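S.K.: Residue numbers (the working numbering): 2 to 180.
Note that beta-carbon positions come from the ideal geometry of N, C-alpha and C, so glycine has one too.
These numbers come from a predicted model, not from an experiment.
Can you read through this structure? Questions will come right after.
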């Protein structure tokens with residue numbers, strides 16, 4: 002932000018966005034809380050940034066990586082990618098704050114499919130459900146994300162920042178605005 006960037010593009014590998022948390026790091030009781038805290042801090046940092054963050058997703062996006070991707074403002078997703086949170090299949094209880102944020106963003110039905118039924122949601126279906134924001138051919142997610150970021154160079158940074166902040170506040174307090 003301080004260097005004048007108009008956006009950040011977050012990506013993984015060419016064939017996988019992220020496998021999520023290293024499972025060998027889990028199951029250690031109190032240390033699991035530290036892992037959860039790091040994931041939460043990363044997601045919140047993405048949300049608090051004044052500039053948009055665009056995830057370029059090629060291939061699978063597992064577990065905590067879904068939470069990180071959902072914190073991004075846009076998710077450019079290649080056909081063939083999919084989203085999966087196998088926590089309950091692995092005997093893990095997902096952090097309540099993360100579940101609440103996912104439910105407010107995606108709705109209870111989609112989160113139930115991800116967390117309870119451990120479904121793999123395809124890129125095409127992810128677009129329809131709001132997990133993905135853009136669907137592209139394989140191999141061009143990163144290029145498309147950079148092109149979208151480039152479009153911001155003609156926008157006023159303060160207006161983009163204020164609008165991002167407003168969207169996040171409305172999302173966080175959606176229930177208050179509906180009543």
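Could you check whether the Cβ of residue 165 sits closer than 7 Å to any heavy atom belonging to the ligand GTP?
M.R.: The ligand GTP is not among the ligands present in this structure, which contains no ligands whatsoever.
S.K.: Residue range of the alpha helix (DSSP H) that residue 147 falls in?
M.R.: Where residue 147 is concerned, the enclosing alpha helix (DSSP H) stretches over 142 to 152.
S.K.: Within this structure, are the beta carbons of residue 37 and residue 54 separated by less than 8 Å?
M.R.: Contact flag unset, no.
S.K.: What number of angstroms, rounded off, separates the C-alpha of residue 132 from the C-alpha of residue 102?
M.R.: Near 13 Å, if we compare the C-alpha coordinates of residue 102 and residue 132.
S.K.: Give the straight-line distance between the Cα atoms of residue 16 and residue 155, rounded to the nearest whole angstrom.
M.R.: If I take the Cα positions, the gap works out to 32 Å.
S.K.: Beta-carbon within less than 8 Å of residue 140's beta-carbon, same chain only, minus the 5 sequence neighbours each way: which residues are those?
M.R.: Once the five neighbours on either side are set aside, the close Cβ partners of residue 140 are 15, 59 and 79.
S.K.: Check residue 85 in the structure and name its three-state DSSP category.
M.R.: Of the three classes helix, strand and coil, the one that applies to residue 85 here is strand, per DSSP.
S.K.: By a C-beta neighbour count over all protein chains shown, 10 Å radius and 16 as the cutoff for buried, is residue 21 buried or exposed?
M.R.: When all chains shown are included, residue 21 counts as buried.
S.K.: Measuring alpha carbon to alpha carbon, tell me which residue in 43, 51 and 40 is nearest residue 6.
M.R.: Selected option, being the one with the closest Cα: 51.
S.K.: Restricting to Cα atoms, I'd like to know which of 136, 39 and 48 is closest to residue 169.
M.R.: Residue 48 is the option with its Cα nearest to residue 169.
S.K.: What residue range does the beta strand (DSSP E) around residue 10 cover?
M.R.: Looking at the DSSP string, the run of the beta strand (DSSP E) that includes residue 10 is 9 to 12.
S.K.: Taking the C-alpha atoms as reference points, what is the distance between residue 44 and residue 105?
M.R.: Taking the straight line joining both Cα atoms gives about 15 Å.
S.K.: From residue 119 to residue 172, what distance separates their C-alpha atoms?
M.R.: So the alpha carbons of these two residues sit roughly 25 Å apart.
S.K.: Rounded to the nearest angstrom, what separates residue 12 and residue 40 at their Cα positions?
M.R.: For residue 12 and residue 40, the distance between alpha carbons rounds to 16 Å.
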